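>
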Ligand SMILES: Cc1cc2nc3c(=O)[nH]c(=O)nc-3n(C[C@H](O)[C@H](O)[C@H](O)COP(=O)(O)OP(=O)(O)OC[C@H]3O[C@@H](n4cnc5c(N)ncnc54)[C@H](O)[C@@H]3O)c2cc1C
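In the numbering used here, the protein residues as written are 110 to 499.
#1: Could you give the first and the last residue of the continuous alpha helix (DSSP H) run that contains residue 172?
#2: What do you reckon, is the C-beta of residue 307 under 8 Å from a heavy atom of ligand 2?
#3: How big is the Cα-Cα spacing for residue 406 and residue 412?
#4: Taking the alpha helix (DSSP H) that residue 134 falls in, what are its first and last residues?
#5: Checking contacts by CB at 9 Å: is residue 402 closer than that to chain D?
#6: Could you tell me the distance, in whole angstroms, from the CA atom of residue 211 to the CA atom of residue 217?
#7: Which residues mark the beginning and the end of the beta strand (DSSP E) in which residue 325 is found?
#8: Residue 133: which of 440, 422, 439, 284 sits nearest, CA to CA?
#9: Can you check the stretch 212 to 257 for any alpha helix (DSSP H) of at least 4 residues that lies completely inside it and give the ranges in chain order?
#10: Taking the alpha-carbon positions, what's the residue 484 to residue 198 distance?
#11: What do you reckon, are the CB atoms on residue 161 and residue 428 nearer than 9 Å?
#12: Nearest to residue 437 by alpha carbon, out of 453, 316, 417?
#13: Going by DSSP, what residues sit across from residue 309 in a beta bridge?
#14: From what residue to what residue does the alpha helix (DSSP H) around residue 274 run?
#15: Could you tell me the alpha carbon to alpha carbon distance between residue 172 and residue 229, rounded to whole angstroms?
#16: Would you kindly work out how many angstroms separate the C-alpha atoms of residue 426 and residue 419, rounded to a whole number?
#17: For residue 184, which three-state DSSP category applies?
#18: Ignore the nearest five residues each way along the sequence and tell me which others in residue 446's own chain have a CB closer than 8 Å to its CB.
#19: Name the DSSP bridge partner or partners of residue 141?
#20: Considering just the uninterrupted stretch of the alpha helix (DSSP H) at residue 394, what are its terminal residues?
#21: Am I right that residue 344 and residue 313 are in contact with their C-beta atoms under 8 Å? What's the rounded C-beta distance?
#22: Taking its Cβ as the centre, do 16 or more other Cβ atoms sit within 10 Å of residue 177, making it buried, or is it exposed?
The structure is reproduced here in structure tokens:
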């Protein structure tokens with residue numbers, strides 16, 4: 110369809126929203142981004158961007174900027190929690206050279222997307238909290254301050270508590286997975302290598318990897334527990350609680366946790382994938398459509414893939430409705446598979462019964478020694494999927 114001048118509103122200036130703005134603008138759409146916050150900022154935390162996400166940034170001309178701010182990942186290591194002994198290693202060096210995997214600070218990724226958005230002349234309107242989305246021939250976003258934004262196409266990239274999702278699907282309460290994640294960054298005083306280390310303990314695990322040219326180490330620490338915890342980016346906790354929960358971890362973990370002076374805690378909830386992704390010129394993407402647990406490190410990457418496919422599907426289709434149907438058809442099965450894989454992953458890291466745990470770790474060790482490439486090829490369906498290729 111002709112996208113030249115198509116008046117489009119994108120709700121949310123997160124990773125999904127900014128990427129969608131760029132993907133639609135390059136097809137000719139006239140894009141405005143509506144963001145509730147007073148500035149486009151991000152919390153101090155890391156993200157793993159696997160090659161399937163890098164493919165989208167490359168197609169948008171942003172890989173060089175990403176590489177300057179990020180650390181190129183060499184491997185993912187699974188380690189036993191007690192003394193940090195290596196269980197197995199997924200060597201990313203087996204990937205073709207052009208398939209790069211990066212660790213990046215969320216703020217750096219948001220900065221480079223926001224800079225690209227500004228460069229291309231996309232309008233960003235801050236302090237625009239959307240309360241309601243009305244699908245229709247001319248869909249409208251209603252702001253909390255009473256203002257309205259009308260467009261030909263409205264995209265909800267407004268995250269976990271999306272108003273656009275609610276307009277298309279109503280609200281369904283998510284359920285608490287009985288897992289919480291603490292997130293922190295600390296100075297890299299121990300020379301953490303350019304790998305993601307998963308330190309696996311009974312009912313808990315800690316993921317560590319370097320950021321910003323190796324100056325920082327990102328920490329995500331997950332615990333299974335019954336006590337409810339709130340979901341959100343900005344809920345601070347006392348670092349002493351984090352240290353207490355992981356006090357029996359060895360290897361590099363105690364030294365890293367000792368340095369934590371600010372930490373945020375996030376209750377992990379399972380949200381169903383939205384059944385309806387589009388209706389009457391309104392569509393949703395990223396966490397708004399399919400929030401995923403962090404155990405495959407694919408939430409932001411899926412949002413970027415969505416954004417690309419959305420632009421592609423609209424450009425190829427005769428009209429908006431068939432473009433949006435094509436978008437959901439091309440994305441739904443893949444994101445459901447990723448969401449399911451992420452949901453299953455935590456229990457693998459958290460095995461607690463000693464014989465089961467020992468056997469599983471032995472299996473991983475043997476698998477890694479006998480068939481190291483096989484350890485990586487099990488993720489081919491995720492990493493080798495390039496939405497920009499067609
Ligand atoms: C512990 C943890 C670790 C993770 N690690 C990884 C990882 O390594 N790799 C990876 O790919 N993913 C990871 N993720 C997932 C990833 O963070 C999310 O999937 C991703 O941020 C989703 O992007 P989004 O743009 O859809 O939503 P968000 O990032 O939530 O952005 C939504 C935007 O919309 C704005 N907004 C919200 N409501 C409104 C409104 N009503 N009006 C206007 N604006 C609004 C918000 O202010 C925000 O700017 C992790 C998640 C967690 C919890």
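All C-beta atoms in this analysis are idealised placements derived from N, C-alpha and C, irrespective of residue type, glycine included. Bear in mind the structure is a predicted one, so any value in this text is a computation, not a measurement.
In this structure, then:
#1: Within the chain shown, residue 172 is the residue found at index 63, counting from 1. Run containing residue 172: 172 to 178, per the alpha helix (DSSP H) assignment.
#2: Ligand 2 is absent from the structure shown, which contains only ligand 1.
#3: Walking along the chain shown from the start, residue 406 turns up at place 297. Walking along the chain shown from the start, residue 412 turns up at place 303. Roughly 12 Å between the two C-alpha positions.
#4: Here residue 134 corresponds to residue number 25 of the chain shown, with the count starting at 1. Segment 124 to 134, the alpha helix (DSSP H) holding residue 134.
#5: Annotation note: the requested chain D is absent from the structure, which comprises a single protein chain.
#6: Here residue 211 corresponds to residue number 102 of the chain shown, with the count starting at 1. Here residue 217 corresponds to residue number 108 of the chain shown, with the count starting at 1. Roughly 12 Å between the two C-alpha positions.
#7: For this step, residue 325 is matched to residue 216 along the chain shown. From DSSP, the beta strand (DSSP E) with residue 325 extends over 325 to 333.
#8: By 1-based counting over the chain shown, the position of residue 133 is 24. Checked all of 440, 422, 439, 284; the closest Cα to residue 133 is 422.
#9: 215 to 228
#10: As a working note, residue 484 is residue 375 in the chain shown. As a working note, residue 198 is residue 89 in the chain shown. Cα-Cα distance, rounded: 8 Å.
#11: Position 52 of the chain shown holds residue 161. Position 319 of the chain shown holds residue 428. No. Outside cutoff.
#12: Mapped onto the chain shown, residue 437 falls at position 328. Here the closest residue by C-alpha is 417.
#13: Your numbering for residue 309 matches position 200 in the chain shown. In the DSSP output, where bridge partners are listed per residue, residue 309 has 189, 314.
#14: For the purposes of this step, residue 274 is taken as the residue at position 165 of the chain shown. Segment 272 to 278, the alpha helix (DSSP H) holding residue 274.
#15: Numbered from 1 along the chain shown, position 63 holds the residue referred to as residue 172. Numbered from 1 along the chain shown, position 120 holds the residue referred to as residue 229. Cα-Cα distance, rounded: 17 Å.
#16: Your numbering for residue 426 matches position 317 in the chain shown. Your numbering for residue 419 matches position 310 in the chain shown. Straight-line Cα distance between these residues: approximately 11 Å.
#17: Position 75 of the chain shown, counted from the start, is the residue given in the question as residue 184. Correct three-state label for residue 184: strand.
#18: The sequence position of residue 446 within the chain shown is 337, counting from 1. Excluding sequence neighbours, residue 446 sits near 490.
#19: As a working note, residue 141 is residue 32 in the chain shown. DSSP output for residue 141 lists 118, 232 as bridge partner(s).
#20: Position 285 of the chain shown, counting from 1, holds the residue named residue 394. Run containing residue 394: none; DSSP gives neither H nor E here.
#21: The count along the chain shown starts at 1 and reaches residue 344 at position 235. The count along the chain shown starts at 1 and reaches residue 313 at position 204. The pair is not a contact, with the Cβ atoms about 19 Å apart (cut-off 8 Å).
#22: Position 68 of the chain shown, counted from the start, is the residue given in the question as residue 177. When all chains shown are included, residue 177 counts as exposed.
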